[in-house]
Amino acid sequence: MCENTAGSYTCYCEEGYIMNSHHLCEENCGDGKVVGREECDSGVGCMGNCTCIDGYKSNNYPSCQDINECYYHAICPTQHGGCLNLPGTYKCFCDVGYYLHAMSCQPRECVLTLWSSWSPCSIHDCNSQQNRTRAVNISVSEGSPLCIGKTLNEQRDCIYSCSSTVTD
1 MCENTAGSYT CYCEEGYIMN SHHLCEENCG DGKVVGREEC DSGVGCMGNC
51 TCIDGYKSNN YPSCQDINEC YYHAICPTQH GGCLNLPGTY KCFCDVGYYL
101 HAMSCQPREC VLTLWSSWSP CSIHDCNSQQ NRTRAVNISV SEGSPLCIGK
151 TLNEQRDCIY SCSSTVTD
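Residues in the sequence shown are numbered from 1 upward in steps of one, following UniProt numbering.
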């Protein structure tokens with residue numbers, strides 16, 4: 001816009017624009033800086049040269065919109081896991097009991113604690129049993145499908161010779 005003044009004129013551009021050598025206002029995107037979600041070229045006027053930074057796409061220039069990488073690309077495992085879209089990026093995840101390895105969800109190793117000592121036998125019962133137990137190491141194996149069906153309790157018979165003497 002220009003305004004007449006006494007014997008001259010003054011031209012100026014609205015915010016976000018700069019005057020070029022032909023006294024026309026052009027968009028001034030900046031000096032290679034990231035402004036919002038746009039990265040702009042250096043130079044006096046960079047009309048049309050603003051591009052969206054990685055993870056964003058143009059949405060009716062000059063605004064940028066997040067790209068949902070999870071929707072547009074098969075980048076994360078779908079079996080036992082998935083994809084979480086984040087602003088400008090994404091994150092792959094695996095279900096409980098699995099871990100991410102080479103873009104697939106692998107079951108966590110099933111690590112069990114050591115067996116406990118055998119319980120004592122009863123000296124008063126000829127048919128007594130001993131027990132021992134172990135547990136899943138939760139810090140390593142949390143939710144691992146490989147732990148399903150693992151033996152966590154064992155029993156064995158106590159060996160005693162019981163007399164079958166009948167007393168009158």
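Where a beta carbon is used, it is the ideal one built from N, C-alpha and C, also for glycine.
Burial state of residue i (16 or more Cβ within 10 Å)
i, result
"TYR12", "exposed"
"TYR9", "exposed"
"PRO77", "buried"
"ILE148", "exposed"
"CYS52", "buried"
"TYR71", "exposed"
Host beta strand (DSSP E) of residue i (start-end)
i, result
"THR5", "2-5"
"ILE18", "17-19"
"SER8", "8-11"
Proximal residues to residue i (C-beta, below 7 Å), its chain only, five neighbours per side dropped
i, result
"PHE93", "GLY81, GLY82, LEU84"
"THR113", "ARG134, ALA135, ASN137"
"GLN106", "TYR98, TYR99"
"TYR56", "ARG37, CYS64, GLN65, ASP66, ILE67, GLY88"
"MET19", "CYS11, CYS13, CYS25"
"SER58", "CYS52, CYS64"
Own chain, CB closer than 6 Å to residue i, minus 5 neighbours either side, in chain order
i, result
"GLN155", "GLN129, ASN131"
Contacts around residue i, its chain only, beta-carbon distance under 8 Å, and the 5 residues preceding and following it disregarded
i, result
"SER119", "GLN130, ASN131, ARG132"
"VAL140", "ARG108, GLU109, VAL111"
Report the start-end ranges of each alpha helix (DSSP H) in the segment 57-142 that is 4 residues or longer and not cut off at the edges. 69-72, 138-141
Tell me whether the segment 126-144 and the segment 91-109 touch, counting them as touching only if at least three CB pairs, one residue from each stretch, are closer than 8 Å. yes
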